[in-house]
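Count along the sequence shown starting at 1, add 187, and that's the number in the working numbering. The structure appears below as structure tokens.
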Amino acid sequence: MSILKENVLVGFCSDHAGYEMKMVLEGYFDSMNIAYKDFGTYSSDSCDYADFAHPCAFAVENGEVYPAIALCGSGNGIGMTLNKHQGVRAALCWNEELAELARRHNNANVLVLPARFIDNVTAINIVEKFLNTPFDGGRHERRVEKIPVPQL
């Protein structure tokens with residue numbers, strides 16, 4: 188069961204450390220006829236992950252893209268930036284089990300990959316698991332609803 192939505196693009200963003208792996212993943216999406224929007228970076232030149240994470244996060248929040256995939260060297264910087272947005276639930280995953288749990292229990296809407304710590308085949312396998320795992324809902328729904336900062 189795919190979480191992809193009809194007529195909604197998948198988002199991609201990365202910094203320079205994640206650029207090459209992002210290109211591999213986009214090639215995989217091309218081969219699967221999955222439409223996406225790339226928020227950058229567009230080269231392996233040194234850059235700042237926040238410059239690409241924020242536009243991607245806004246697109247997730249407004250429904251322009253769903254889900255999104257973000258990459259940087261460790262996954263930490265881009266993931267922290269994405270999670271500053273109230274409508275984003277970005278999960279750093281370096282194996283398939285984490286990707287499955289991020290979807291089943293946390294309804295993650297952004298997959299974050301640590302490009303310097305996994306290979307391309309592993310990345311594709313993680314993406315496939317993420318895209319094909321539904322949210323379990325139930326008791327997890329209540330928990331996910333409490334993630335945004337409450338209004339006082």
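Every residue, glycine too, gets a C-beta built ideally from N, C-alpha and C.
Buried or exposed: residue i, going by 16 or more other Cβ atoms within 10 Å of its Cβ?
i, result
"Leu300", "buried"
"Gly214", "exposed"
"Phe304", "exposed"
"Val308", "exposed"
"Arg326", "exposed"
"Met208", "buried"
"His262", "Here residue 262 turns out to be Gly, not His, going by the sequence shown. Gly262 comes out buried."
Would you mind reading off the limits of the alpha helix (DSSP H) that contains residue i?
i, result
"Tyr215", "203-218"
"Cys259", "Per DSSP, Cys259 belongs to no alpha helix (DSSP H); it is in the beta strand (DSSP E), 252-259."
Look at the alpha carbon of residue i and the alpha carbon of residue j, and state the distance between them as a whole number of angstroms.
i, j, result
"Leu339", "Arg276", "21 Å"
"Asp225", "Leu318", "17 Å"
"Ile256", "Asn220", "16 Å"
"Gly250", "Ala295", "14 Å"
"Leu212", "Ile311", "7 Å"
"Asp306", "Ile334", "31 Å"
"Thr228", "Thr268", "15 Å"
For a test of your reading of the model: does the CB of residue i fall under 7 Å from any non-hydrogen atom of the ligand GTP? Yes or no.
i, result
"Val195", "In the structure on display, the ligand GTP does not appear, and there are no ligands present to speak of."
Report back the beta-carbon spacing between residue i and residue j to the nearest angstrom; my notes put them in contact at under 8 Å.
i, j, result
"Val252", "Val336", "Going by Cβ atoms, the distance from Val252 to Val336 rounds to 23 Å, so no, they are not a contact pair."
"Leu298", "Pro254", "7 Å"
Assuming residue i is part of the beta strand (DSSP E), what are its boundary residues?
i, result
"Asp225", "223-225"
Contact between the stretch 234-243 and the stretch 191-208: three or more CB pairs below 8 Å?
With three or more CB-CB distances shorter than 8 Å, the stretch 234-243 counts as touching the stretch 191-208.
Assess contact between the stretch 223-237 and the stretch 279-293, defined as three or more Cβ pairs (one per stretch) separated by less than 8 Å. Is contact present?
Segments in contact, no.
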